[in-house]
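Visitor: The end of the sequence shown is residue 80 by this note's numbering, with every number in the run present. C-beta atoms are modelled at their ideal positions from N, C-alpha and C, and glycine is treated no differently.
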Amino acid sequence: MTTSPSEELLVGLIAFAAVPWVLWVLVRGRRDLRLPIGRGHVRHDERPGAYRVLFAFYVAAAALMLFISLDLMLGLGGRS
């Protein structure tokens with residue numbers, strides 16, 4: 001199945017628009033020392049190891065979403 005350039009641009013823009021939301025979660029999580037997971041939260045003072053792993057997952061998610069969105073919008077060649 002092939003996609004048109006306009007479809008790739010649209011999906012790239014949607015992914016690019018979601019990156020600030022993930023970064024905002026990271027900023028709030030760093031400030032309040034708690035990160036959301038599901039319907040709950042992981043607090044740094046209660047579970048520091050789990051907090052660090054979840055923080056790393058959020059950073060990885062933001063980085064991957066940014067790379068994928070830029071690849072779709074600019075054609076960086078990440079899929080070839």
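By alpha-carbon positions, which one of S6, V19, T3 and D32 ends up nearest to V59?
Guide: Comparing Cα positions, the closest option is V19.
Visitor: If contacts are defined as beta-carbon pairs under 8 Å, then L35 and V42 qualify, I think. What distance do you get, rounded to the angstrom?
Guide: Yes, they are in contact, since the Cβ atoms of L35 and V42 sit about 5 Å apart, within 8 Å.
Visitor: Quick one: is A15 buried, meaning 16 or more other Cβ sit within 10 Å of its Cβ, or exposed?
Guide: Answer is buried; the Cβ neighbour count reaches 16.
Visitor: Using the Cβ count rule (16 or more neighbours within 10 Å means buried), how would you classify S6?
Guide: By the neighbour-count rule (16 or more Cβ atoms within 10 Å), S6 is not buried but exposed.
Visitor: What's the gap between the Cα of V25 and the Cα of E46?
Guide: V25 and E46: Cα-Cα distance of roughly 19 Å.
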